[in-house]
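Enquirer: Below you will find the structure I want to go over with you.
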Amino acid sequence: MTKGFLFDMDGTIFLEDQAIDGAIECFDYLNKKQIPYCLFTNNSSNSKSVYVKKLHKMGFDITSDKILTSGLATILYLKRRSFKNVFLMGTDSLKLEFVENGINLSDSKVDAVVLAFDKGFNYQDTVTAHKLIQAQTPFIATHPDKVCPMRDGDIPDCGAMISYFESSTGVSPEIIGKPYPIMAEMASELLNEKIENLMVIGDRLYTDIEMGIRSGAKTCLLFSGETKKIDLKNSNVEPDYCFESIKDFLVKYIQSDQKL
Ligand SMILES: [Mg+2]
């Protein structure tokens, strides 16, 4: 039985700056029925408030406690491991989010090195991180995406920075974001629901659906974004359910009494 939902955002509930048909109604329904859900994203360069503003502008009634960025999932993971002091390479908004959540930022005597989508990537920081990783400090990265798509072409993302440190230290980090299962595990903590009772809904087989399968959640692929039906045929990643779009999913799954 599905008791909660984890939604990807881009290609699943909106495309660029526009809500996908049926998405606003879907969240209105979940809110009304008090069905637990969260929205996840691998992007660790923005804080939750950036996403909430964007969603409100498009007409969604979604509060900030429903947003799980890979940065926030990393904070939850650090807490699970009782890591209090970290050296963080990330944006100022992510640094603030860490501090607000009780994580101390330092460059010595740290429990972990955390690498995020650091838009201020600078050489001195890389030297510090390199030395800490060489000294066997646990190395954690928020997400594996090598590039971040922008309107005028893509830009280097956290995955490219992971390669930089793998090259210099020979050490690979533990990665939190999708397709790795830790993100889904943290969502399950956030929703206070067992992972096998959750369903991951997304438009990409090799990130969203892969994460769901690896973590033991149910999975649902929507054809409103990147994946076409021919891609599914040619893939060995098999979602439990497929729907044309979130509208179809709302009517045929969420509002269907047999499933909930
Ligand atoms: Mg997507």
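Numbers in the working numbering are just positions in the sequence shown, counted from 1, shifted up by 3. Where is the CB? At the ideal position from N, CA and C, for every residue including glycine.
Does the Cβ of M12 lie closer than 8 Å to at least one heavy atom of ligand 1?
Expert: Position 9 of the sequence shown, counted from the first residue, corresponds to residue 12. Result yes, Cβ under 8 Å from ligand 1.
Enquirer: Which one of A76, D121, Q139 and E192 has the shortest CA to CA distance from K51?
Expert: In the sequence shown, counting from the first residue as 1, residue 51 sits at position 48. Per the Cα distances, A76.
Enquirer: Please list, in chain order, all residues of the same chain as M12 whose beta carbon is under 7 Å from its beta carbon, the five residues on each side excluded.
Expert: Looking up residue 12 in the sequence shown gives position 9. These residues qualify, in order along the chain: L42 and T44.
Enquirer: Relative to the C-alpha of V150, which residue among D160, I143, R84 and P141 is closest?
Expert: Sequence index remark: in the sequence shown, residue 150 carries index 147 (1-based). With distances taken between Cα atoms, V150 lies closest to D160.
Enquirer: Applying the 10 Å Cβ sphere with the 16-neighbour rule, what's the burial state of A138?
Expert: If you number the sequence shown from 1, residue 138 lands on position 135. Burial call: exposed.
Enquirer: Counting along the chain, where does the beta strand (DSSP E) carrying I305 start and finish?
Expert: With the chain running from 4 to 263 in the structure shown, residue 305 is simply not present.
Enquirer: Check whether the Cβ of D211 lies closer than 8 Å to any heavy atom of ligand 1, and answer yes or no.
Expert: One-based indexing of the sequence shown puts residue 211 at position 208. Yes.
Enquirer: Taking the alpha-carbon positions, what's the F124 to I198 distance?
Expert: Walking along the sequence shown from the start, residue 124 turns up at place 121. Walking along the sequence shown from the start, residue 198 turns up at place 195. Approximately 35 Å, taken between the alpha carbons.
Enquirer: Could you pull out every residue in the same chain whose Cβ sits closer than 7 Å to the Cβ of T140, ignoring the five residues on either side in sequence?
Expert: Here residue 140 refers to the residue found at position 137 when the sequence shown is read from its first residue. Cβ within range, chain order: V113, A115 and V116.
Enquirer: Just list the residues that DSSP pairs L225 with in beta bridges.
Expert: Numbered from 1 along the sequence shown, position 222 holds the residue referred to as residue 225. F246, per the DSSP bridge assignment.
Enquirer: Along the beta strand (DSSP E) that carries I143, what are the first and last residues, could you check?
Expert: As a first step, residue 143 is located in the sequence shown; it is residue number 140 there, counting from the start. Per DSSP, I143 belongs to the beta strand (DSSP E) from F142 to A144.
Enquirer: With a Cβ-Cβ cutoff of 9 Å, do S166 and L18 count as a contact?
Expert: The sequence position of residue 166 within the sequence shown is 163, counting from 1. The sequence position of residue 18 within the sequence shown is 15, counting from 1. The answer is no: Cβ separation not under 9 Å.
Enquirer: Are the CB atoms of L81 and I106 nearer to each other than 9 Å?
Expert: Here residue 81 refers to the residue found at position 78 when the sequence shown is read from its first residue. Here residue 106 refers to the residue found at position 103 when the sequence shown is read from its first residue. Closer than 9 Å, so yes.
Enquirer: Taking 8 Å as the threshold, find out whether the segment 182–193 comes into contact with the segment 210–228 through three or more Cβ pairs.
Expert: yes
Enquirer: What is the C-beta distance between K122 and T94, in whole angstroms, given that I count them as a contact (C-beta under 8 Å)?
Expert: In the sequence shown, residue 122 corresponds to position 119, counting from 1. In the sequence shown, residue 94 corresponds to position 91, counting from 1. With a Cβ gap of about 5 Å, K122 and T94 count as contacting.
Enquirer: Tell me whether T66 sits in a helix, a strand or coil according to DSSP, three-state version.
Expert: Here residue 66 refers to the residue found at position 63 when the sequence shown is read from its first residue. Residue state for T66 is assigned as coil, using DSSP reduced to three classes.
Enquirer: To the nearest angstrom, how far is the alpha carbon of G162 from that of C29?
Expert: By one-based count along the sequence shown, residue 162 stands at place 159. By one-based count along the sequence shown, residue 29 stands at place 26. So the alpha carbons of these two residues sit roughly 33 Å apart.
Enquirer: For Q21, which three-state DSSP category applies?
Expert: As a position in the sequence shown, residue 21 is number 18, starting the count at 1. Correct three-state label for Q21: strand.
Enquirer: Report yes or no: is there a C-beta of chain C within less than 9 Å of the C-beta of P184?
Expert: Here there is only one protein chain, and chain C is not present.
Enquirer: What separation, rounded to the nearest whole angstrom, lies between the Cα atoms of F63 and S170?
Expert: Translated into the one-based positions of the sequence shown, residue 63 becomes position 60. Translated into the one-based positions of the sequence shown, residue 170 becomes position 167. Going from the Cα of F63 to the Cα of S170 covers about 43 Å.
Enquirer: Quick one, are the C-beta atoms of E229 and G14 less than 9 Å apart?
Expert: In the sequence shown, counting from the first residue as 1, residue 229 sits at position 226. In the sequence shown, counting from the first residue as 1, residue 14 sits at position 11. Against a cut-off of 9 Å, the Cβ pair of G14 and E229 comes out as a contact.
Enquirer: Measure the C-alpha to C-alpha separation of E196 and S48 and round it to an integer number of angstroms.
Expert: The residue you call residue 196 lines up with position 193 of the sequence shown. The residue you call residue 48 lines up with position 45 of the sequence shown. Taking the straight line joining both Cα atoms gives about 27 Å.
Enquirer: Between the Cα of I27 and the Cα atoms of K36, S73, A119 and I249, which residue gives the shortest distance?
Expert: As a first step, residue 27 must be located in the sequence shown, where it is residue number 24. Of K36, S73, A119 and I249, the residue nearest in Cα terms is I249.
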